[in-house]
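Take a look at the structure set out below.
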Amino acid sequence: MNGANNMSDVNNMTDVSDLNGTANSMNGEQEHIFYARDLNIYYGDHHAVADVNLDIYSKEITAFIGPSGCGKTSVLRCYNRMNDLIPIAKVEGTLEYKGLNLYGSQIDPVEVRRRIGMVFQKPNPFPKSIYENVAYGPKVCGMSRNRSELDDIVERSLKRAALWDEVKGRLKSSAFGLSGGQQQRLCIARAIAVDPDVLLMDEPCSSLDPIATTRIEELMDGLKNDYTIIIVTHNMQQAARISDKTAFFTTEENAETGMRTGMLIEFDIAEKIFSNPNDERTENYVTGRFG
Amino acid sequence: MTTLEVKPSNDLSVDLTGKQSRRRKELFVHIVLAAAGAVSLIISILIIWSLLKEAWTFIFNVEWANVWSIGWFPRRGFYDVKTLIVATFITTGIAMAIATPLGLGAAIYLSEYASKRFRAIVKPILEILAGVPSVVIGFFALSWVAPQIVSRIGGSDGGSLMAAGIGVGILTIPLVASISEDSMRADPDSLREASSGLGARKRHTIFSVIIPASISGLVASFIVATSRAIGETMVVFLAGGAADTAIFTSSAYDGSLTMTAAMASLSSGTDSVVGEGLTFQSLFFVGLILFALTLVLNMIATRFVNKVRERY
Ligand SMILES: Nc1ncnc2c1ncn2[C@@H]1O[C@H](COP(=O)(O)OP(=O)(O)OP(=O)(O)O)[C@@H](O)[C@H]1O
Ligand SMILES: [Mg+2]
Numbered sequence: 002m003n004g005a006n007n008m009s010d011v012n013n014m015t016d017v018s019d020l021n022g023t024a025n026s027m028n029g030e031q032e033h034i035f036y037a038r039d040l041n042i043y044y045g046d047h048h049a050v051a052d053v054n055l056d057i058y059s060k061e062i063t064a065f066i067g068p069s070g071c072g073k074t075s076v077l078r079c080y081n082r083m084n085d086l087i088p089i090a091k092v093e094g095t096l097e098y099k100g101l102n103l104y105g106s107q108i109d110p111v112e113v114r115r116r117i118g119m120v121f122q123k124p125n126p127f128p129k130s131i132y133e134n135v136a137y138g139p140k141v142c143g144m145s146r147n148r149s150e151l152d153d154i155v156e157r158s159l160k161r162a163a164l165w166d167e168v169k170g171r172l173k174s175s176a177f178g179l180s181g182g183q184q185q186r187l188c189i190a191r192a193i194a195v196d197p198d199v200l201l202m203d204e205p206c207s208s209l210d211p212i213a214t215t216r217i218e219e220l221m222d223g224l225k226n227d228y229t230i231i232i233v234t235h236n237m238q239q240a241a242r243i244s245d246k247t248a249f250f251t252t253e254e255n256a257e258t259g260m261r262t263g264m265l266i267e268f269d270i271a272e273k274i275f276s277n278p279n280d281e282r283t284e285n286y287v288t289g290r291f292g
Numbered sequence: 010m011t012t013l014e015v016k017p018s019n020d021l022s023v024d025l026t027g028k029q030s031r032r033r034k035e036l037f038v039h040i041v042l043a044a045a046g047a048v049s050l051i052i053s054i055l056i057i058w059s060l061l062k063e064a065w066t067f068i069f070n071v072e073w074a075n076v077w078s079i080g081w082f083p084r085r086g087f088y089d090v091k092t093l094i095v096a097t098f099i100t101t102g103i104a105m106a107i108a109t110p111l112g113l114g115a116a117i118y119l120s121e122y123a124s125k126r127f128r129a130i131v132k133p134i135l136e137i138l139a140g141v142p143s144v145v146i147g148f149f150a151l152s153w154v155a156p157q158i159v160s161r162i163g164g165s166d167g168g169s170l171m172a173a174g175i176g177v178g179i180l181t182i183p184l185v186a187s188i189s190e191d192s193m194r195a196d197p198d199s200l201r202e203a204s205s206g207l208g209a210r211k212r213h214t215i216f217s218v219i220i221p222a223s224i225s226g227l228v229a230s231f232i233v234a235t236s237r238a239i240g241e242t243m244v245v246f247l248a249g250g251a252a253d254t255a256i257f258t259s260s261a262y263d264g265s266l267t268m269t270a271a272m273a274s275l276s277s278g279t280d281s282v283v284g285e286g287l288t289f290q291s292l293f294f295v296g297l298i299l300f301a302l303t304l305v306l307n308m309i310a311t312r313f314v315n316k317v318r319e320r321y
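Here is the structure:
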């Protein structure tokens with residue numbers, strides 16, 4: 002990231018109406034929590050995602066949709082600097098969180114991840130008890146050393162994740178004994194236990210049955226009063242149902258290198274994307290017509 | 010109403026009998042493999058049987074006062090086994106006190122911190138190191154560890170249990186490192202991501218997630234290394250600071266004989282073990298104790314590993 006350039010970019014950006022990342026159909030009053038300009042992601046020589054300009058709004062659900070390989074996961078992982086864990090990944094451009102440059106030199110990625118939590122595609126509970134899974138975050142963050150306080154956090158988080166009633170009698174048993182859907186809700190409880198600002202969810206329902214999926218969707222609807230949620234999904238109906246705003250990405254093949262680069266095509270309120278998108282590619286994708 | 014008619018098939022082009030010769034080959038392979046398995050089983054039984062037979066003679070004929078006396082002087086009829094056991098515990102303890110932290114540290118570094126390239130270079134080197142003949146390490150312990158290290162921490166510059174223990178420790182570091190590293194690397198990256206995603210620092214991820222998740226492998230590496238240390242012969246024989254007799258000692262700075270070293274020295278040399286009395290049989294008695302000790306150790310290990318598994 003080039004800090005000096007970014008600053009001037011921001012200052013010069015007076016007219017943003019033509020940028021793909023500003024939802025066209027919105028009134029300009031709303032407050033954005035993430036601000037991305039010219040975000041580029043590389044894996045080694047592979048230019049995976051090009052020039053993303055995108056604003057994410059506070060206390061809303063934003064869905065990322067698009068064909069496989071278009072870079073939804075890659076972009077999502079920029080928001081909490083999860084890409085730092087991949088040695089060959091490189092992120093360029095401006096990415097601000099509440100006006101702070103997330104990739105600035107003085108930013109500690111660990112602090113970032115405490116505020117911006119993540120739920121992964123495959124449920125990945127720790128090989129610990131249900132209780133220990135939820136208590137892990139507050140413990141390592143130094144939020145609480147006190148046992149009864151921790152008990153409270155665990156109970157509250159499990160309730161918010163709509164899992165409490167199913168597990169309250171067996172908090173000490175292994176998280177691996179839960180079903181896939183329960184494990185995913187446990188992972189959500191674990192993520193909200195540290196009381197983050199934002200929840201990033203990468204296809205959280207892809208390994209779940211319709212009933213478990215419905216539960217998680219209901220859960221997200223309840224969570225959005227307090228959290229900003231960005232969700233990646235391959236399920237059009239899901240995106241249409243739950244998201245306030247939707248971003249559509251796609252890939253294009255580079256004529257010279259033959260490598261595919263992802264890009265943001267359209268970003269708007271969900272209704273618009275799914276009923277009357279501006280771009281033909283978006284329309285083809287959301288209606289199931291390709292090419 | 011129609012009745013369903015079933016016609017017998019007369020299709021003779023279908024032949025399911027298969028080739029006789031192929032089936033015979035299959036049987037042959039089966040027999041050869043079964044025989045190979047049987048041979049190794051029979052050899053194990055023979056070893057235990059010969060051990061028991063001679064040890065039995067010792068147990069029934071020895072004067073027990075001599076089995077608990079001033080030291081190990083087998084040719085003079087003093088078979089103080091505790092001398093050997095204590096010496097074995099001392100060398101093994103020193104060895105594990107060295108190999109566990111260093112081996113585990115190396116494993117954590119390689120698995121969690123090192124770059125892919127560094128690991129690709131160092132891991133094979135570690136495995137080569139694990140294959141260094143123990144006689145080389147024994148010689149190194151005697152000629153370098155004793156004068157350079159042991160003499161500086163209050164010991165002599167010749168052979169001692171301390172020098173031998175350090176030598177065995179060096180010998181087992183790669184073993185601990187290699188098995189521990191394998192077991193930590195077997196933990197899926199999704200665990201590391203889950204932990205980092207919650208705002209855990211790397212050291213938290215390692216000590217609160219990765220190590221507990223791979224604990225059975227780590228315990229296994231510790232037990233395997235301990236067994237190796239107890240059974241190690243050449244290093245303690247060369248660097249242990251006693252030739253073929255030893256007075257009882259519980260000090261690591263003294264020279265003494267471990268069980269393995271006592272057995273090695275008894276069965277080597279020109280006069281071999283055609284000593285008087287029960288000298289020959291005492292060798293088997295010590296062997297039996299050694300065998301029982303490792304067996305118990307392995308049982309504890311298995312139980313511990315199972316317990317840890319149950320919890321998760
Ligand atoms: N760790 C990685 N190393 C190398 N290349 C990667 C890595 N992760 C993603 N990529 C590449 O980046 C591009 C975008 O991948 P990404 O996972 O972001 O797509 P996606 O939209 O999430 O796809 P899907 O819908 O299949 O999950 C792909 O070409 C992929 O091969
Ligand atoms: Mg993805």
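As you go down the protein sequences, you meet chains A and B in turn. Just so we're aligned: the first sequence equals residues 2 to 292 in my numbering. Just so we're aligned: the second sequence equals residues 10 to 321 in my numbering. Cβ atoms here follow ideal geometry from the backbone N, Cα and C, with glycine treated the same way.
Within 10 angstroms of the Cβ of B/Thr279, are there 16 or more other Cβ atoms? Answer buried if so, exposed if not. Residue confidence is low: B/Thr279 scores 48 on pLDDT, short of 50, so the model does not pin down where it sits. No coordinate-derived value is stated.
Would B/Glu63 count as contacting chain A if we go by Cβ distances under 8 Å? no
Along chain A, which residues have their Cβ under 9 Å away from the Cβ of B/Glu202? Met83, Leu86, Met119, Phe121 and Asn125
C-beta contact flag for A/Tyr137 and A/Arg82 at 8 Å: no
Alpha helix (DSSP H) segment containing B/Val244, residue limits: Met243 to Ala248
Compute the Euclidean distance between the alpha carbons of B/Trp153 and B/Gly174, then round it to the nearest angstrom. 13 Å
According to DSSP, is A/Met202 helix, strand or coil? strand
Between A/Cys79 and chain B, is any beta-carbon pair separated by less than 8 Å? no
Less than 8 Å separating the beta-carbons of A/Leu55 and A/Leu265? yes
Are any of the Cβ atoms in chain B nearer than 8 Å to that of A/Cys142? yes
Which residues in chain B have a C-beta closer than 8 Å to the C-beta of A/Gly138? List them in chain order. Leu207, Gly208 and Ala209
Please list, in chain order, all residues of the same chain as A/Ile154 whose beta carbon is under 8 Å from its beta carbon, the five residues on each side excluded. Val135, Ala136, Pro139, Met144, Ser145 and Ala194
How long is the line joining the alpha carbons of B/Ile94 and B/Gly296, rounded to whole angstroms? 11 Å
By a C-beta neighbour count over all protein chains shown, 10 Å radius and 16 as the cutoff for buried, is A/Met260 buried or exposed? exposed
List, in order along the chain, the chain B residues whose C-beta lies closer than 8 Å to that of A/Val195? Leu207 and Gly208
Tell me which residues of the region 215–233 of chain B have at least one Cβ-Cβ distance to chain A shorter than 8 Å, keeping chain order. Ser217, Val218, Pro221 and Ala222
Let me confirm a value: B/Ile130 is counted as buried when at least 16 other C-beta atoms fall within 10 Å, else exposed. Which label applies? exposed
Using a beta-carbon distance cut-off of less than 7 Å, what residues from the region 186–201 of chain B approach chain A? Ser199 and Leu200
Bounding residues of the alpha helix (DSSP H) (the contiguous stretch that carries B/Thr235): Ile224 to Gly240
Please report the straight-line C-alpha distance between B/Val314 and A/Gly182, rounded to a whole angstrom. 29 Å
Looking only at its chain, what residues have a beta carbon closer than 7 Å to the beta carbon of B/Ser120, apart from the 5 residues adjacent to it on each side? Glu190, Met193 and Arg194
Would A/Arg171 pass as an interface residue toward chain B - the criterion being a Cβ-Cβ separation below 8 Å? no
Can you find a CB in chain B that lies within less than 8 Å of the CB of A/Arg115? yes
Where B/Leu184 falls: helix, strand or coil (DSSP): helix
Hey, B/Ala310 and B/Ile232: beta-carbon distance below 8 Å or not? yes
Tell me, please, whether the CB atom of A/Val111 is closer than 8 Å to any CB atom in chain B? yes
Span of the beta strand (DSSP E), counted from its first residue to its last, around B/Glu121: Counting along the chain, B/Glu121 falls outside any beta strand (DSSP E), and DSSP gives it neither H nor E.
Would a check of beta-carbon distances place B/His213 closer than 8 Å to chain A? yes
Taking only beta carbons into account, state which residues of the region 172–192 of chain A come closer than 8 Å to chain B, listed in chain order. Ser175, Phe177, Cys188, Arg191 and Ala192
Please indicate yes or no: does the CB of A/Ala49 lie closer than 7 Å to some heavy atom of ligand 1? yes
Let me confirm a value: A/Ala312 is counted as buried when at least 16 other C-beta atoms fall within 10 Å, else exposed. Which label applies? Because chain A spans 2 through 292 in this model, residue 312 of chain A falls outside it and cannot be assessed.
Assuming B/Leu55 is part of the alpha helix (DSSP H), what are its boundary residues? Gln29 to Asn70
Return helix, strand or coil for A/Thr15, following the three-state DSSP convention. Any answer about A/Thr15 is weak, because its pLDDT of 37 lies below 50 and its placement is not dependable; what the coordinates show is given next. Three-state result, A/Thr15: coil.
8 Å Cβ cutoff, B/Thr279 in contact with chain A: Note that B/Thr279 has pLDDT 48, beneath the 50 cutoff, so the model's placement of it is unreliable and no number is given.
Could you say which of A/Leu159, A/Tyr132 and A/Glu219 lies nearest to A/Arg148 if we only look at CA atoms? A/Tyr132
Which one of B/Phe82, B/Lys211, B/Ser223 and B/Ala96 has the shortest CA to CA distance from B/Leu113? B/Ser223
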